[in-house]
Amino acid sequence: MAGLNVSLSFFFATFALCEGARRASKALLPVGAYEGFAREVMRMLVELGPWAGGFGPDLLLTLLFLLFLAHGATLDGALANPTVSLQEFLMAEASLPGTLLKLAAQGLGMQTACTLTHLCWAWELSDLHLLQSLMAQSCSSALRTSVPHGALVEAVCAFCFHLILLHLRHSPPAYRVPAVALLVTVTAYTAGPFTSAFFNPALATSVTFGCSGHTLLEYAQVYWLGPLTGMVLAVLLHQGRLPRLFQRNLFYSQKNKYRAPRGKPALASGDTQTPAKGSSGREPGRCSVDGPHSS
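Counting with mature numbering (1 follows the signal peptide of the UniProt record, and there is no 0), you get residues -20 to -1, 1 to 275 for the letters of the sequence shown.
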């Protein structure tokens, strides 16, 4: 029970620290620096929390759900996922410099999170953290299946995640946040036994790329190529194209929203106009009633 309390305290303390740093950064930094860099660093610090705590599967899933709920309510929409940043770039919603800045912030934030996590383990506040500290140098790989199957699993997870994000991006937060949190939790439960269901290249790089069992190229195929492929397919299915690269819809035919009203075709200049009923054969200026001697 003491170990659980320490782990929970670690999780909530990390979140509170990042929230305080986020508010300070928002107040002190320029808007561009905060939106593109600082909030991504803070979000990546929080992102590692459940994995760093060393929880069991049940607590991990519960905290993962709570983490995404809290993330949706705070942190000003920080992404903490390189594939989401690249999705915004492909959707022509973010510029190239802004996207590169976010990717750099995500990498820096994840490395900072790893450093703080190992520091926390070194304090040996619980038996679990002592074990984590001893195992840190010889960690086991999170990839527990073949490389092609692992890449497929990560691609499917990323595809579902990004498709839901695209579908709900204009929905109210009261609906969007719980839906995304539930999706991530269910995906982690379903695909966790195979790849740990990261579908986040930065998180996977920090957590498992240094572990033995697979080469760097194999890890890259599963945790980089897989999520990127899933994200691109989700954008293509949702939009029918990649807006950054193609103007024309590749999959769906686009019908004109505004149709011209249907009317009678205009008469050509040489056409004979049909006389109106009751005025056939009459000329302007003639009396409307003919006399008995009219021929």
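Using N, Cα and C, we set each Cβ at its ideal position, and we do this for glycine too.
Only counting runs of 4 or more residues, tell me where the alpha helix (DSSP H) segments fall wholly within the region 155 to 208, in order along the chain.
Qualifying alpha helix (DSSP H) stretches, in chain order: 181 to 188, 196 to 200.
Assign residue 204 to one of two classes, buried (16 or more other C-beta atoms within 10 Å of its C-beta) or exposed (fewer than that).
The residue in question, residue 204, is buried, as its Cβ has 16 or more Cβ neighbours within 10 Å.
Report the residue ranges of all alpha helix (DSSP H) runs contained in full by the region 42 to 94; include only those spanning at least 4 residues, in chain order.
Those alpha helix (DSSP H) runs which fall completely within the region 42 to 94 and span 4+ residues are 62 to 70.
Residues bridged to residue 120 [DSSP beta-bridge criterion]
Residue 120 is bridged to 192.
As assigned by DSSP and simplified to three states, the class of residue 217:
In the displayed model, residue 217 falls within a helix according to three-state DSSP.
Are there three or more Cβ pairs, one per stretch, closer than 8 Å when the region 196 to 203 is compared with the region 160 to 174?
Short answer: they don't touch.
Can you check whether the CB of residue 177 is closer than 9 Å to the CB of residue 133?
Result yes, Cβ atoms of residue 133 and residue 177 sit closer than 9 Å.
So, is residue -6 buried or exposed, given that buried needs 16 or more other C-beta atoms within 10 angstroms?
Sixteen is the threshold: when 16 or more other Cβ atoms of the shown chains lie within 10 Å of the Cβ of residue -6, as they do, the residue is buried.
Residue 67 beta carbon less than 9 Å from that of residue 211:
Contact annotation: residue 211 and residue 67 have beta-carbon atoms nearer than 9 Å.
So, helix, strand or coil for residue 103, using DSSP?
Of the three classes helix, strand and coil, the one that applies to residue 103 here is coil, per DSSP.
From what residue to what residue does the alpha helix (DSSP H) around residue 141 run?
Counting along the chain, the alpha helix (DSSP H) containing residue 141 begins and ends at 127 to 148.
My output table needs one value for residue 2: the three-state DSSP class, helix, strand or coil.
When DSSP states are grouped into helix, strand and coil, residue 2 belongs to the helix group.
Return the CA-CA distance between residue 139 and residue 3, expressed in angstroms with no decimal places.
Taking the Cα positions, residue 139 is about 32 Å away from residue 3.
For residue 94 and residue 215, what's the separation of their Cα atoms in angstroms?
Roughly 31 Å between the two C-alpha positions.
Own chain partners of residue 250 with C-beta closer than 8 Å, once the 5 adjacent residues on each side are dropped
Residue confidence is low: residue 250 scores 47 on pLDDT, short of 50, so the model does not pin down where it sits. Its coordinate-derived value is still stated next. Counting only residues of its own chain and dropping the five nearest sequence neighbours on each side, residue 250 has no CB closer than 8 Å to any other CB.
Please go through the same chain and pick out, in chain order, the residues whose beta-carbon is closer than 6 Å to the beta-carbon of residue 229, but skip the five residues on each side of it.
Within the same chain, and ignoring the five residues on either side of residue 229 in sequence, the residues whose Cβ sits closer than 6 Å to its Cβ are 220, 221.
What's the C-alpha gap between residue 47 and residue 131?
Approximately 25 Å, taken between the alpha carbons.
For residue 65, count neighbouring C-beta atoms within 10 Å of its own C-beta (all shown protein chains included) and say buried if the count is 16 or more, exposed if not.
With 16 or more other Cβ atoms within 10 Å, it is buried.
CA nearest to the CA of residue 83, picked from 61, 73, 92:
Measuring from the Cα of residue 83, the nearest candidate turns out to be 61.
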